[in-house]
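**Student:** This is the structure I have questions about; it appears just below.
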Amino acid sequence: MPALSQKLVNRLVIAAVIIGFLTVGVAGLLGARALQQNLNYTAWVTHTYQVQQALSDYRILNERVETARRGFLLSRDPQFLVVYERAKRELYPALDQIEELTGDNAVQQSNIKGLRLLLGNQLEALDNSVEAAKAGRAQDRFGVDEGVASTRAIRAITDRMSREERAKLLERDADRRASVADLTRILSVAGVLLVVTGLGSLWVILAFTRDLTASRNQLARLNAGLEDEVQARTADLQRANDEIQRFAYIVSHDLRSPLVNVMGFTSELEASVKPLASMVAKAEAEAPGLVTTDARLAVESDLPEAIGFIRNSTQKMDRLINAILQLSRQGRRVLVPEKVDVQKLMEGIAGSLKHRSDEVGATIEVTPGLPTLITDRLAFEQIFSNLVENALKYLKPGRPGQIQVRGQRLPGGRVQFEVIDNGRGVDAKDHERIFELFRRSGAQDQPGEGIGLAHVRALAYRLGGTVTVESALDQGATFRVSLPAKLSLEGAAE
Amino acid sequence: MNDTRHVTIVMIEDDEGHARLIEKNIRRAGIMNEIRHFPDGTSALSYLQFDAAGPAMNGPALVLLDLNLPDMSGTDILAKIKSDDRLKRTPVVVLTTTDDKVEIQRCYDLGCNVYITKPVNYESFADAIRQLGLFLSVIQVPEAAG
Numbered sequence: 001m002p003a004l005s006q007k008l009v010n011r012l013v014i015a016a017v018i019i020g021f022l023t024v025g026v027a028g029l030l031g032a033r034a035l036q037q038n039l040n041y042t043a044w045v046t047h048t049y050q051v052q053q054a055l056s057d058y059r060i061l062n063e064r065v066e067t068a069r070r071g072f073l074l075s076r077d078p079q080f081l082v083v084y085e086r087a088k089r090e091l092y093p094a095l096d097q098i099e100e101l102t103g104d105n106a107v108q109q110s111n112i113k114g115l116r117l118l119l120g121n122q123l124e125a126l127d128n129s130v131e132a133a134k135a136g137r138a139q140d141r142f143g144v145d146e147g148v149a150s151t152r153a154i155r156a157i158t159d160r161m162s163r164e165e166r167a168k169l170l171e172r173d174a175d176r177r178a179s180v181a182d183l184t185r186i187l188s189v190a191g192v193l194l195v196v197t198g199l200g201s202l203w204v205i206l207a208f209t210r211d212l213t214a215s216r217n218q219l220a221r222l223n224a225g226l227e228d229e230v231q232a233r234t235a236d237l238q239r240a241n242d243e244i245q246r247f248a249y250i251v252s253h254d255l256r257s258p259l260v261n262v263m264g265f266t267s268e269l270e271a272s273v274k275p276l277a278s279m280v281a282k283a284e285a286e287a288p289g290l291v292t293t294d295a296r297l298a299v300e301s302d303l304p305e306a307i308g309f310i311r312n313s314t315q316k317m318d319r320l321i322n323a324i325l326q327l328s329r330q331g332r333r334v335l336v337p338e339k340v341d342v343q344k345l346m347e348g349i350a351g352s353l354k355h356r357s358d359e360v361g362a363t364i365e366v367t368p369g370l371p372t373l374i375t376d377r378l379a380f381e382q383i384f385s386n387l388v389e390n391a392l393k394y395l396k397p398g399r400p401g402q403i404q405v406r407g408q409r410l411p412g413g414r415v416q417f418e419v420i421d422n423g424r425g426v427d428a429k430d431h432e433r434i435f436e437l438f439r440r441s442g443a444q445d446q447p448g449e450g451i452g453l454a455h456v457r458a459l460a461y462r463l464g465g466t467v468t469v470e471s472a473l474d475q476g477a478t479f480r481v482s483l484p485a486k487l488s489l490e491g492a493a494e
Numbered sequence: 001m002n003d004t005r006h007v008t009i010v011m012i013e014d015d016e017g018h019a020r021l022i023e024k025n026i027r028r029a030g031i032m033n034e035i036r037h038f039p040d041g042t043s044a045l046s047y048l049q050f051d052a053a054g055p056a057m058n059g060p061a062l063v064l065l066d067l068n069l070p071d072m073s074g075t076d077i078l079a080k081i082k083s084d085d086r087l088k089r090t091p092v093v094v095l096t097t098t099d100d101k102v103e104i105q106r107c108y109d110l111g112c113n114v115y116i117t118k119p120v121n122y123e124s125f126a127d128a129i130r131q132l133g134l135f136l137s138v139i140q141v142p143e144a145a146g
């Protein structure tokens, strides 16, 4: 799968999962609200039942008052009077309770107002009839008793109130049912969504885990491959390096062989010139006519000159070949890491060059406290004796030479040494060039083939280090050698 | 001097120039012994081992050996000479350009009698050959074996 579409798919999946969980959350909230509503409705239904109960209590009391009055009126039994009085006392509190319970319902409140009015009338009428009975008057107005009418009216109102409450109950019950149905629907939808989201998440996690496992396996494979690759490369490099060393060695040897001939026969030629020259001189003295100017010049100047050039060139070639041989030998030498007391070694170098430095009026100062390290002593010594010798060699004429050797530990297990001089310096354009074989910089007024620094760099590389120069013309030079504090032979091209 | 007169100098050297320079300088040193020159290892070995006039059959000899030969390594020839019962007492002077320490040690291990590096500097070269001439004039070479 291309990277871009993979990214898109990942985003879509994440968005879907987020949307799924959000929906589930919303569904949960809605469900909670519906549940709360349901509880509310249930409370209202209970309330309605309570109102109904209070109403029916009131109606019973109402009937009891009426019945007790009638009983008294008919039998004049004071027992009925006791019941009548007790029921009468309970009527108002019962009405108050209903009023309190239906405080939220305007219709019922107005009903209660009517009820209260009727109750006053009723009780007055009833009391009147009871007082009359007590006084012994005949029960002649029984039929037109106002109390009976009031009681009937009260009955009608309470019936109405009861119906009202029943209607409310039905309404509230319907609401409750509706809310339960809503809740059921919401919960079903939420459940389906939850299952879908869960399955989706599961699928994504499984796919992701599978990918992860595959990637890890691939990484492990690549890692193993990389190690093999590195080993193969190292072996290749090793072979290439060995090949170059062998090549340099063979070439320099095979070049030497013809050089022996060139130099040998040049000497033979030179030797042959001598008798010829004396013959020409003798001929010139005895028979000047025989000697041409050309012959005389050839013997006297051309031949010696040619022989001289051949000789110089072959000598130079011999030195170059020897330099290559030396480098090749150095490259093949087995390094032996050992603890090197740098302080002592540097002072040794300065001491061995004391004669030379006194001769040119230069001082070599080895800063005390140079760090020790574990490296190949011979190679290390070669590097620094070359550098210090160079510093002595390329002083600025007319300026007393000051050469300083410094050193310090660097982070990362490396050690850096500096050879600082105040000599003639190296032009910036030659900073890399001077480390190349047979290349030199500045005025060619000193003997040498351009080998020393090439050698220094090759040795520094072999020791796992680097060498750089910082310098400007006439400003002196600082050669910096950075080496590992501990030479490990596996890392070096051995 | 009479004893050494009939000692044959067997020179195994592929470079004609070197051979000529060696011969010239030997003669200059006053050594008049016969010099047999072979430019390769094969012909040299067949002379040494099988030729009727060769050292294995007849007469003492001294071998001047170059190590860099076209057909075989000089050390192989040295090994063959030193492992041949009839030739092993024949002095062998290795005269070559190789100045590798390991190579020199190997030659001595194989029984080489003298190892001389050919200097590029001709004066040194001529010197070395002259000294070799002096050496040749005093050396006692065994008669043919058997």
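So the sequences go chain by chain: A and S.
UniProt numbering applies: residue 1 is where the first sequence begins, and numbers increase by one.
UniProt numbering applies: residue 1 is where the second sequence begins, and numbers increase by one.
Here a beta-carbon is modelled for each residue, glycine too, at the ideal position from N, C-alpha and C.
Because the structure is a prediction, the values reported are computed rather than measured.
#1: Please classify ASN68 (chain S): does DSSP put it in a helix, a strand, or coil?
#2: Buried or exposed, going by whether 16 or more other CB atoms sit within 10 Å of the CB of PHE417 (chain A)?
#3: Closer than 8 Å, CB to CB, is ARG479 (chain A) near chain S or not?
#4: LEU265 (chain A) versus chain S: which residues are under 7 Å apart at the beta carbon?
#5: On the CB-based measure, 16 or more other CB atoms within 10 Å of its CB, does MET161 (chain A) come out buried or exposed?
#6: Give the DSSP-derived three-state secondary structure of THR97 (chain S) in the structure shown.
#7: Evaluate PHE38 (chain S) with the Cβ neighbour count: other Cβ atoms within 10 Å of its Cβ, from every protein chain shown; 16 or more gives buried, anything less gives exposed.
#8: Find the residues of chain S that neighbour ASP318 (chain A), judging by a C-beta separation of less than 9 Å, and give them in chain order.
#9: In terms of residue numbering, what span does the alpha helix (DSSP H) encompassing HIS18 (chain S) cover?
#10: When you compare only the Cα positions, how much space is there between THR102 (chain A) and LEU29 (chain A)?
#11: What distance in whole Å lies between the Cβ atoms of GLY308 (chain A) and residue 147 (chain S), which are believed to be in contact at a cut-off of 8 Å?
#12: Taking the alpha-carbon positions, what's the residue 530 (chain A) to LEU378 (chain A) distance?
#13: Would you decide whether ARG233 (chain A) is buried or exposed? Buried here means 16 or more other CB atoms lie within 10 Å of its CB.
#14: Tell me the DSSP secondary structure of VAL63 (chain S) in three-state form.
#15: Identify each residue in the region 63-83 of chain S for which the Cβ-Cβ distance to at least one residue of chain A is less than 8 Å, and report them in chain order.
#16: Of all the CB atoms in chain A, is at least one closer than 8 Å to the CB of LEU110 (chain S)?
#17: Can you name the residues that DSSP bridges to TYR115 (chain S)?
#18: In whole angstroms, give me the CA-to-CA distance for ALA362 (chain A) and THR97 (chain S).
#19: Taking the alpha-carbon positions, what's the LEU387 (chain A) to GLY407 (chain A) distance?
#20: Do we get a CB-CB distance below 8 Å when we pair ASN312 (chain A) with the residues of chain S?
#21: For GLY289 (chain A), count the other beta carbons within 10 Å of its own beta carbon; 16 or more makes it buried, fewer makes it exposed. Which is it?
#22: Could you give the DSSP three-state label for ALA477 (chain A): helix, strand or coil?
#23: So is GLN122 (chain A) buried or exposed if we call it buried at 16+ other beta carbons inside 10 Å?
#24: Going by other Cβ atoms of all chains shown within 10 Å of its Cβ, with 16 needed for buried, is LEU373 (chain A) buried or exposed?
#25: Evaluate THR184 (chain A) with the Cβ neighbour count: other Cβ atoms within 10 Å of its Cβ, from every protein chain shown; 16 or more gives buried, anything less gives exposed.
#26: Taking CB distances under 8 Å as the criterion, tell me whether residue 521 (chain A) reaches chain S.
#27: How would you list, in chain order, the residues of chain A whose beta-carbon sits under 8 Å from the beta-carbon of LEU21 (chain S)?
#28: For chain S, is any of its Cβ atoms less than 8 Å away from the one on ARG439 (chain A)?
#29: Measure the CB-CB distance between ASP376 (chain A) and LEU335 (chain A) and report whether it falls below 8 Å.
#30: Considering only C-alpha positions, which residue in the set A:ALA485, A:ASP427 and A:ILE98 is nearest to VAL412 (chain A)?
#31: Are the beta-carbon atoms belonging to GLU381 (chain A) and LEU345 (chain A) less than 8 Å from one another?
#32: Using alpha carbons as the reference points, say which of S:ALA53, S:LEU67, S:GLY17 and S:ILE77 lies closest to ARG36 (chain S).
#33: Closer than 9 Å by beta-carbon distance: list the chain A residues that pair up with PHE125 (chain S), in chain order.
#34: Note down the Cα distance separating VAL481 (chain A) from ALA323 (chain A), rounded to an integer number of angstroms.
#35: At 3 residues or longer, what runs of the beta strand (DSSP E) sit wholly inside the region 400-488 of chain A?
#36: Taking residue 497 (chain A) and THR209 (chain A) to be in contact with their CB atoms under 8 Å, please state how far apart those CB atoms are, rounded to whole angstroms.
**Tutor:** Walking through what the data contain:
#1: Stepping through the second sequence from its first residue, residue 68 (chain S) is reached at position 68. Strand at ASN68 (chain S).
#2: Locating residue 417 (chain A) in the first sequence gives position 417, counting from the first residue. It is buried - the Cβ of PHE417 (chain A) has at least 16 other Cβ atoms within 10 Å.
#3: Along the first sequence, read from residue 1 onward, the residue named residue 479 (chain A) stands at position 479. Note that residue 479 (chain A) is Phe in the sequence shown here, rather than Arg. Answer no: the Cβ-Cβ gap between PHE479 (chain A) and chain S never drops below 8 Å.
#4: Your numbering for residue 265 (chain A) matches position 265 in the first sequence. The question names Leu, but residue 265 (chain A) is Phe in the sequence shown. Residues of chain S passing the Cβ test: GLY17.
#5: The sequence position of residue 161 (chain A) within the first sequence is 161, counting from 1. Classification for MET161 (chain A): buried.
#6: Locating residue 97 (chain S) in the second sequence gives position 97, counting from the first residue. Reduced to three states, the DSSP call for THR97 (chain S) is coil.
#7: One-based indexing of the second sequence puts residue 38 (chain S) at position 38. Buried.
#8: As a first step, residue 318 (chain A) is located in the first sequence; it is residue number 318 there, counting from the start. Simply VAL120 and ASN121.
#9: Indexing the second sequence from 1 puts residue 18 (chain S) at position 18. Taken as a continuous stretch (DSSP letters only), the alpha helix (DSSP H) holding HIS18 (chain S) covers 16-28.
#10: The sequence position of residue 102 (chain A) within the first sequence is 102, counting from 1. The sequence position of residue 29 (chain A) within the first sequence is 29, counting from 1. Spanning the two alpha carbons is a distance of roughly 32 Å.
#11: Missing from the structure shown is residue 147 (chain S); chain S here goes from 1 to 146 and no further.
#12: Outside the modelled stretch of chain A, which goes from 1 to 494, sits residue 530 (chain A), for which no answer is possible.
#13: One-based indexing of the first sequence puts residue 233 (chain A) at position 233. Looking at its Cβ environment, which holds fewer than 16 other Cβ atoms inside 10 Å, ARG233 (chain A) is exposed.
#14: Within the second sequence, the letter at position 63 stands for residue 63 (chain S). In the structure shown, VAL63 (chain S) sits in a strand (DSSP, three-state: E or B).
#15: ASN68
#16: In the second sequence, residue 110 (chain S) corresponds to position 110, counting from 1. Output row for LEU110 (chain S): interface = no.
#17: As a working note, residue 115 (chain S) is residue 115 in the second sequence. Bridge partners of TYR115 (chain S): S:VAL94.
#18: The residue you call residue 362 (chain A) lines up with position 362 of the first sequence. The residue you call residue 97 (chain S) lines up with position 97 of the second sequence. Those two C-alpha atoms are separated by around 41 Å.
#19: The residue you call residue 387 (chain A) lines up with position 387 of the first sequence. The residue you call residue 407 (chain A) lines up with position 407 of the first sequence. Rounded to the nearest angstrom, the two C-alpha atoms are 14 Å apart.
#20: Along the first sequence, one-based indexing puts residue 312 (chain A) at 312. Closer than 8 Å: no.
#21: Translated into positions along the first sequence, residue 289 (chain A) becomes position 289. The residue in question, GLY289 (chain A), is exposed, as its Cβ has fewer than 16 Cβ neighbours within 10 Å.
#22: Your numbering for residue 477 (chain A) matches position 477 in the first sequence. Strand.
#23: To locate residue 122 (chain A), count along the first sequence from 1; it is residue 122. Under this definition GLN122 (chain A) is a buried residue.
#24: Within the first sequence, the letter at position 373 stands for residue 373 (chain A). Buried.
#25: Translated into the one-based positions of the first sequence, residue 184 (chain A) becomes position 184. When all chains shown are included, THR184 (chain A) counts as exposed.
#26: As shown, chain A starts at 1 and ends at 494. That puts residue 521 (chain A) outside it, with no answer to give.
#27: What you label residue 21 (chain S) is simply residue 21 of the second sequence in a count that begins at 1. The contacting residues are VAL260, ASN261, GLY264, PHE265 and GLU268.
#28: For the purposes of this step, residue 439 (chain A) is identified with residue 439 of the first sequence, where counting begins at 1. Residue contact with chain S for ARG439 (chain A): absent (no Cβ-Cβ distance below 8 Å to any residue of chain S).
#29: Counted from its first residue, the first sequence places residue 376 (chain A) at position 376. Counted from its first residue, the first sequence places residue 335 (chain A) at position 335. Result yes, Cβ atoms of ASP376 (chain A) and LEU335 (chain A) sit closer than 8 Å.
#30: The sequence position of residue 412 (chain A) within the first sequence is 412, counting from 1. One detail in the question is off: residue 412 (chain A) reads as Gly in this sequence, not Val. Looking at the Cα atoms, A:ALA485 is the closest of the given residues.
#31: If you number the first sequence from 1, residue 381 (chain A) lands on position 381. If you number the first sequence from 1, residue 345 (chain A) lands on position 345. In this structure, LEU345 (chain A) lies closer than 8 Å to GLU381 (chain A) by Cβ.
#32: Numbered from its first residue, the second sequence carries residue 36 (chain S) at position 36. Considering only alpha carbons, the answer is S:ALA53.
#33: In the second sequence, residue 125 (chain S) corresponds to position 125, counting from 1. In chain order: VAL260, MET263, GLY264 and SER267.
#34: Here residue 481 (chain A) corresponds to residue number 481 of the first sequence, with the count starting at 1. Here residue 323 (chain A) corresponds to residue number 323 of the first sequence, with the count starting at 1. Each residue's Cα considered, the two are about 22 Å apart.
#35: 402-410, 414-421, 466-471 and 477-484
#36: The requested residue 497 (chain A) does not occur in the structure, where chain A is confined to residues 1 to 494.
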